[in-house]
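Asks: Sending over a structure as structure tokens; questions will come in a sec.
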Ligand code: ADP
Ligand code: 5GP
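In my numbering, the protein residues as written are -3 to 188.
And the structure:
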């Protein structure tokens, strides 16, 4: 039997509320050859989130232990005391199965994964139509406190500056159009 070809890497980054989770979930449902890289995170689980499926939820101490043991490909303190990191074990496990790895990481993590894995990566930036639209989406999502929404909006303004470092920028205004674009770009990359 021939050796399995290692899977490719598809990174999604965006300011919080731009619609990244919505688009990633859609894509994963459409393309069976994709597997999601479950990150470690030191925040509390939101309603409906499942440990080991959405994130590996860790305490800050547990997270630091993983940093010391060199368990991460990359990690960031995205918000104060909210650490997030891509586990090397997760990436290896998925790639060795011949599946393509999908990442949902912040803009700095996205740029770092591109630097580390180079040509094997398609880095996709999901852009909101405006900051006002982003605020409205976060308010309507109703998963974060008013204070957290404010923090996320402030950070979004800096995060938008990272868009030019990505291979593809998709503006998520009309969701159906964004879904179509994401599907086309990713299919083209994994078939190429
Ligand atoms: P992220 O993962 O980037 O934080 P989500 O996927 O959770 O964002 O989307 C934020 C909120 O906006 C959710 O409530 C989602 O249903 C909604 N949403 C996503 N895309 C659109 C869109 N194109 N138009 C309006 N609302 C959207
Ligand atoms: P949330 O708390 O909304 O789930 O995620 C907050 C931010 O952390 C998002 O921008 C998300 O993409 C990012 N994030 C999630 N996992 C990782 C990761 O492993 N590494 C990095 N750098 N960011 C991550």
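Backbone N, C-alpha and C fix where the C-beta goes; we use that ideal spot for every residue, glycine too.
Since the model is a prediction, treat every value here as computed from it, not as a measurement.
When burial is assigned at 16 or more other CB atoms within 10 Å of the CB, is residue 11 buried or exposed?
Replies: With 16 or more Cβ atoms within 10 Å of its Cβ, residue 11 is classed as buried.
Asks: Do residue 60 and residue 3 have their beta-carbon atoms positioned less than 7 Å apart in this structure?
Replies: Not in contact: residue 3 and residue 60 (Cβ atoms no closer than 7 Å).
Asks: Are the CB atoms of residue 130 and residue 152 within a distance shorter than 7 Å?
Replies: Result yes, Cβ atoms of residue 152 and residue 130 sit closer than 7 Å.
Asks: When every heavy atom of the ligand ADP is checked, does at least one fall within less than 6 Å of the C-beta of residue 12?
Replies: Correct: residue 12 has its Cβ closer than 6 Å to the ligand ADP.
Asks: Measuring CA to CA, which of 76, 77, 64 and 19 is closest to residue 83?
Replies: Per the Cα distances, 64.
Asks: Taking 7 Å as the threshold (C-beta atoms), are residue 33 and residue 86 in contact?
Replies: Yes; because the gap between Cβ atoms is below 7 Å, this pair is in contact.
Asks: In the structure shown, what three-state DSSP assignment does residue 187 receive?
Replies: Residue 187: helix per DSSP, three-state reduction.
Asks: Count the C-beta pairs between the segment 35 to 50 and the segment 141 to 157 that are closer than 8 Å, then say yes if the count reaches three, no if not.
Replies: No: fewer than three Cβ pairs fall under 8 Å.
Asks: Beta carbon of residue 166, beta carbon of residue 159: below 7 Å?
Replies: Not closer than 7 Å, so no.
Asks: Over what stretch of residues does the alpha helix (DSSP H) that includes residue 88 continue unbroken?
Replies: It spans 84 to 92 - the alpha helix (DSSP H) in which residue 88 sits, taken as one unbroken run.
Asks: Let me know if residue 171 comes out buried or exposed under the rule of 16 or more other beta-carbons within 10 Å of its beta-carbon.
Replies: Residue 171 should be labelled exposed.
Asks: Let me know the secondary structure DSSP gives residue 101 once reduced to three states.
Replies: Correct three-state label for residue 101: coil.
Asks: Between the alpha carbons of residue 98 and residue 135, how many angstroms are there, rounded?
Replies: Their Cα atoms are separated by approximately 27 Å.
Asks: Just list the residues that DSSP pairs residue 81 with in beta bridges.
Replies: Note: residue 81 sits in a beta bridge opposite 36 and 71.
Asks: What is the residue span of the alpha helix (DSSP H) that residue 27 lies within?
Replies: Counting along the chain, residue 27 falls outside any alpha helix (DSSP H), and DSSP gives it neither H nor E.
Asks: From residue -3 to residue 93, what does the alpha carbon distance come to, in whole angstroms?
Replies: Confidence is the limiting factor: at residue -3 the pLDDT is only 49, short of 50, which leaves the residue's position unreliable and the question unanswerable from this model.
Asks: Report, in whole angstroms, the separation of the C-beta atoms of residue 56 and residue 38, which I expect to be a contact under 8 Å.
Replies: Confirmed, about 5 Å.
Asks: In angstroms with no decimal places, state the Cα-to-Cα distance between residue 121 and residue 163.
Replies: So the alpha carbons of these two residues sit roughly 8 Å apart.
Asks: Going by alpha carbons, who is nearest to residue 114 out of 25, 51 and 161?
Replies: Measuring from the Cα of residue 114, the nearest candidate turns out to be 161.
Asks: Can you check whether the CB of residue 16 is closer than 7 Å to the CB of residue 77?
Replies: No, the Cβ-Cβ distance between residue 77 and residue 16 is not below 7 Å.
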